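Notes to accompany the following structure.
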Amino acid sequence: MWDNPQEKYPELQPILHQHKDEQGSLITILQKAQALYGYLPLSLLEHIARATGVKPAKVYGVASFYAQFRLTPIGKYLILLCEGTACHVNGAKAIEGALMEELGVPAGGTTTDGLFTLNSVACLGCCSLSPVMMINGETYGGLTPEKARKIIRALREAAA
Amino acid sequence: MKISIGKGSCGLAAGAGKISDYFSKRARAENMDLEIGVTGCIGMCYLEPIVTLTDDCPGNLLGDRPDNRPDKIYVKVDQAAADEILLLCQGRENNAGQYELQEEDRAVLNRQTRVALRNCGLVDPENIEDYITRGGYEALRKCLREMTSAQIIEEIKVSGLAGRGGAGFPTWFKWRALRDAKGETKYMICNADEGDPGAFMDRSVIESDPHTVIEGMLIGARATGASQGIVYVRAEYPLAIKRLENAIQQARDRGFLQERVLDTDFSFDIRVKVGAGAFVCGEETALIASLEGERGMPRLKPPFPAQKGFFQRPSNINNVETYANVPWILSRGGQAFAAMGTEHSKGTKVFALTGKIQKGGLVEIPMGSSIRDVIEGVGGGVKEGRALKAVQLGGPSGGCLPAELLETIIDYQTLAATGAIMGSGGMVVMDSATCMVDMARFFLDFTCKESCGKCVQCRVGTKRMLEILERITKGEGRPGDIERLEVLGQHIKEGSLCGLGQTAPNPVLTTIRYFRHEYEEHIERKKCAAKRCKALLSYRIDGEKCTGCTLCSKRCPAKAISGEAKKPHRVDGTLCVKCGKCAESCRFSAVVVE
C-alpha cells in the first residue's frame with residue numbers, strides 16, 4: 001500500500017507542492033484530490049498523509065467527517081435530491097421513494113451499471129421550486145414521483 | 161437598450177441561463193443594439209426567470225433613484241415572453257405588457273425595507289462599477305478618511321446591529337474585543353457556511369451583491385486592526401464562490417484590497433476558503449477548527465475567538481448578512497438603523513420564506529413587524545388559499561409556532577420566549593397537510609446526522625430522541641414517550657457544548673408545547689390527521705368513483721387490489737404495504753386515504 005505513491009498519483013504532485021508550507025491546508029488538498037480522481041480511495045488518503053506529514057488517522061478522520069468527501073466511486077450521473085425543509089414539506093420523501101424504486105438502490109447507493117448515484121443533500125437553495133433534485137449540475141424542480149421517474153428513464157435511454 | 165437577467169441560483173434553476181442564451185442568439189441574428197446584463201436575485205423566487213429592461217444606469221426596480229424612471233420588470237420569462245420583449249426593444253408592436261410584473265407582486269417589493277439586500281437584483285454582481293455607481297465603497301472611504309477605530313465601533317454600537325447568523329450577539333462588542341486583543345496578525349472572518357435547510361439569504365447576498373460583504377469586512381478590519389480576511393463558504397454554493405472570488409479580484413484591482421488601502425496606513429486582503437459540508441461548522445469555534453484543516457468540532461469558550469481564534473490568533477467572526485448591513489450603517493449613521501425595530505432588536509432582518517407559501521423568496525422587513533406581516537402582508541398567505549397550521553422559524557435550531565402566535569413580533573427576545581429562535585431567518589410555512597410529529601422527526605434526523613459527536617448528550621441523546629420519534633410515526637409509540645422526549649431534550653440542552661446541541665431539541669420541544677394533541681393522537685389512536693405518516697394510514701377504494709380501469713391493481717406491488725375490469729375494485733388491508741401507488745396513479749380520485 002505504501003509503495004511508490006509518487007508514481008501512483010502524479011497529478012496530485014503540483015497540488016501537494018503548492019500547499020506544502022500552508023498551515024491547515026488538509027481540507028483544500030482533499031478537495032482538489034477529489035476533483036482530480038472523483039473520490040478518495042484509501043490508498044490516496046495514505047499517500048496524502050505521507051506527503052503532508054499529517055497522521056493517516058487524522059487524514060481519514062477529516063475525510064470521513066465532512067459530507068463532501070466520498071470514499072467510494074460514484075456513478076456517471078450524480079443525483080442530489082434536496083431534503084431541505086421546503087422540499088420536505090412539499091413531498092421530497094415521495095420523490096426519494098420513487099427514485100429508489102426506479103434505480104433499485106437505497107439512498108447513497110450506486111446502480112450496478114455504474115450509471116447513477118443517489119445522494120440526498122440538506123438544501124439546494126431553490127426552495128421556491130421544491131421539491132427539487134440536481135443531476136450533474138442541472139436542476140429539476142416541481143417534481144412529482146412520476147416526473148422524477150421519467151427524468152431517470154430519459155437519462156438511462158440517452159446513455160444506452 | 162439594456163436588459164438584465166436575474167441569474168442567481170434560483171433564477172438559473174428556473175431557466176435563466178437558457179433564456180439569456182436565447183436573447184443573445186436573437187439579438188445577434190437580428191443585429192440588434194442590445195446589451196444583455198446580469199443581476200443577482202431580487203428575492204421573488206416564485207417569479208423567476210426575471211428580466212428587467214433598464215436605462216443605462218444600474219437597477220432602479222424599487223424606484224429609489226429619482227433621476228431615473230423605475231425599470232420595467234418581466235416575470236416568468238419563457239421564449240414567448242422573450243420574443244415580445246425583443247419586439248419592444250426594437251420599437252415594434254408587441255405584447256410584452258402581459259408579462260410585466262403585476263401590481264400585487266410589486267407590492268411584495270414595496271412592503272419591504274431593504275438594507276442588507278439593498279443592491280440585490282439591481283447591480284451586476286460581476287461588475288464592481290455597478291456597485292460603485294450605487295454608492296459602493298463610499299462608507300469605506302468615510303471610515304478611512306474621517307473616522308477613528310473607536311468612532312466606527314461606536315457607530316455600530318449606536319446602530320444596535322446584532323449577529324444575523326442566529327445568536328444575535330452585539331456586533332460592536334465582538335469588534336471591540338478584537339480591537340483590544342493583543343496580537344500581530346488579526347483575522348476578520350466571514351461565516352458563509354449557511355447550513356440551515358430552508359435558509360438561503362447568505363448565498364443570495366453573495367451571489368447578488370458580493371461587494372457589500374467585502375466592504376463590510378473592510379470596515380470591520382479597519383475598526384479592529386485586522387489585516388487578514390477569510391470567507392468560509394459552503395461547497396454547495398459554487399456560484400457564490402465564483403462571484404465572490406471574482407469580486408475580490410476586482411476589489412484588489414481597484415485598490416480596495418491591498419497594502420495601504422486608498423493611500424492610508426491600512427492594509428487588508430481577503431481569501432476564500434471552501435467548506436466541505438458540515439452543519440456544525442456554522443458554530444464559530446467549529447468553523448475555526450475547519451479553517452485549520454481539522455474536523456469541525458467546537459471548542460470550549462473561553463478563550464473566545466477574539467483572544468485565541470484562527471491558529472491561536474485574535475479573530476472575529478460575523479455572518480454574511482451582518483457584514484452586508486455594515487456599509488449602510490456607516491453611510492447613513494447608526495441612528496438611522498436604530499430607528500427601525502424594537503427596543504432590543506434594531507434594524508431589519510432577512511427571511512427566506514418557503515414551504516406552502518404563495519409568494520416565496522427573500523423578504524427583508526424591519527424588526528418589530530409581526531410574523532403575519534411577513535407571511536400574509538408580503539408573502540400573500542398560504543398556497544391555494546389554505547389555512548396556515550404552523551410556521552417554522554430558525555431551522556433545526558428553531559421551533560414551530562402555531563397559527564395563534566402569528567401576531568408574535570420579530571424580535572430576538574420575543575421569539576426566544578415562544579421557544580423558537582430568530583435563527584438565520586428560515587421561515588417555512590406549513591398547512592394542514594403537514595404532520596408536526598413528522599416535522600420534529602425530520603429536524604432530529606438532520607441534527608442527529610450533523611452532530612459532530614463530541615458531547616455525549618448530543619451524540620447519543622439526539623439518536624435516542626430520533627428513535628422515539630420514528631417509532632411514534634410508525635404507529636409504535638408508547639405511553640410516556642412524550643415525557644421521555646421532554647426529559648431527553650432538557651438533558652441535551654444542558655449537556656452540550658455548542659449551539660447545535662443546545663438548540664437541537666427545540667423543534668421537538670416546541671411541537672410538543674403547541675401540538676401535543678398530535679403526538680397523543682399518533683401514540684394513543686395511531687392516527688395521523690395530516691396523512692403524512694404512512695404506517696398510520698389505511699387505503700380503500702370508493703366504489704362510486706372507481707371506474708374499474710384496473711390501473712391501480714396493475715401498479716400495486718403487493719397485489720393487494722382485486723376486482724374485475726369496469727367494476728369497482730377493493731383493497732385488501734392485510735396485504736396492503738401502504739406505498740400509496742394506487743392513490744398516485746388513480747385518475748378518478750377514487751382511492752380514499754384515511
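Quick mapping for you: the protein sequence lines, in order, are chains A and B.
When the count follows the working numbering, it moves up by one through the first sequence with no breaks and lands on 160 for the last residue.
When the count follows the working numbering, it moves up by one through the second sequence with no breaks and lands on 754 for the last residue.
Note that beta-carbon positions come from the ideal geometry of N, C-alpha and C, so glycine has one too.
Since we're looking at a predicted model, the values are computed, not measured.
Contact annotation for Gly-104 of chain A against chain B: no contact, minimum CB-CB distance about 13 angstroms [criterion: below 8 angstroms].
Among the residues facing chain B, Thr-117 of chain A is not included, as its CB has no counterpart in that chain under 9 angstroms away. Here Leu-36 of chain A is exposed, its C-beta having fewer than 16 other C-beta atoms within 10 Å. In terms of CA proximity to Phe-333 of chain B, B:Lys-317 leads the group B:Gln-388, B:Arg-324, B:Lys-317. Between the C-alpha atoms of Asp-702 of chain B and Asn-485 of chain B there is a straight-line separation of about 58 angstroms. Straight-line measurement puts the Cα of Asp-605 of chain B at about 19 angstroms from the Cα of His-682 of chain B. Between Gly-585 of chain B and Arg-324 of chain B, the gap from beta carbon to beta carbon is short of 9 angstroms.
Using beta-carbon distances, Ser-557 of chain B does not count as an interface residue toward chain A, since no partner is under 9 angstroms. Arg-363 of chain B sits away from Arg-414 of chain B, with the two beta carbons spaced by 9 angstroms or more.
If you look at Asn-90 of chain A, you'll find it isn't in any alpha helix (DSSP H); DSSP assigns it neither H nor E. Listed as beta-bridge partners of Thr-508 of chain B by DSSP are B:Pro-526. The criterion of a C-beta distance shorter than 9 angstroms is not satisfied by Glu-754 of chain B and Arg-692 of chain B. Rounded to the nearest whole angstrom, the CA to CA distance from Cys-127 of chain A to Ser-592 of chain B is 19 angstroms. When DSSP states are grouped into helix, strand and coil, Gly-501 of chain B belongs to the strand group.
Residue nearest to Glu-289 of chain B within the set B:Tyr-182, B:Gln-410, B:Ile-628 is B:Gln-410 (criterion: CA-CA distance). Under the 10 Å beta carbon count, Ala-436 of chain B is surrounded by 16 or more other beta carbons and is classified as buried.
Nearest neighbour of Ile-632 of chain B by Cα position, chosen from B:Arg-619, B:Lys-694, B:Ser-656, B:Gly-613, turns out to be B:Lys-694.
By the neighbour-count criterion, in which a residue is buried when 16 or more other Cβ atoms sit within 10 angstroms of its Cβ, His-17 of chain A is exposed. Proximity of Asp-429 of chain B to chain A, defined by a Cβ-Cβ separation below 9 angstroms, is not satisfied.
Residues are counted here when their Cβ sits less than 9 angstroms from a Cβ of chain A; for the stretch 445-474 of chain B these are Ser-450, Leu-451, Glu-452, Gly-453, Glu-454, Arg-455, Gly-456, Met-457, Phe-470, Phe-471, given in chain order. Residue range 42-52 is occupied by the alpha helix (DSSP H) that includes Arg-50 of chain A. For the 9 angstroms CB-CB criterion, Ala-359 of chain B and Ala-512 of chain B form a contact.
In this structure, the straight-line span from the alpha carbon of Leu-735 of chain B to that of Ser-749 of chain B is close to 21 angstroms. Going by DSSP, Cys-560 of chain B is part of the beta strand (DSSP E) stretching over 559-562. When CB distances to chain A are screened at a threshold of 8 angstroms, not a single residue of the stretch 635-651 of chain B falls below it. Taking the beta carbon of His-88 of chain A as reference, the chain B residues within 7 angstroms of it are Phe-602, listed in sequence order. Selection B:Gly-501, B:Gly-640, B:Phe-675, B:Ile-569 evaluated against Thr-594 of chain B yields B:Phe-675 as nearest (Cα-Cα).
Looking at the DSSP output, Cys-82 of chain A shares a beta bridge with A:Val-121. Of all C-beta pairs linking the stretch 550-566 of chain B to the stretch 486-500 of chain B, fewer than three are shorter than 8 angstroms, placing the two stretches out of contact. When B:Val-523, B:His-651, B:Gly-320 are compared, the shortest CA-CA separation from Cys-618 of chain B is found for B:His-651. Its chain contains Leu-30, Leu-40, Leu-45, Phe-69, Leu-71 as the residues whose beta carbon lies nearer than 8 angstroms to that of Ala-63 of chain A, once the 5 sequence neighbours on both sides are disregarded; these appear in chain order. Here the alpha carbon of Ala-310 of chain B sits roughly 37 angstroms from the alpha carbon of Pro-398 of chain B.
Residue-level contact check: Gly-38 of chain A does not touch chain B, since none of the beta carbons of chain B fall below 9 angstroms from its beta carbon. Nearest C-alpha to Ile-581 of chain B among B:Ala-449, B:Gly-540, B:Gly-554: B:Gly-554. Exclusion of the five residues before and after Tyr-234 of chain B leaves Ile-210, Val-211, Thr-212, Leu-213, Ala-241, Ile-245, Ala-256, Tyr-259, Glu-260, Leu-261 as the residues of its chain whose Cβ lies within less than 8 angstroms of its Cβ.
With fewer than 16 other CB atoms across the displayed protein chains lying within 10 angstroms of its CB, Arg-305 of chain B is exposed.
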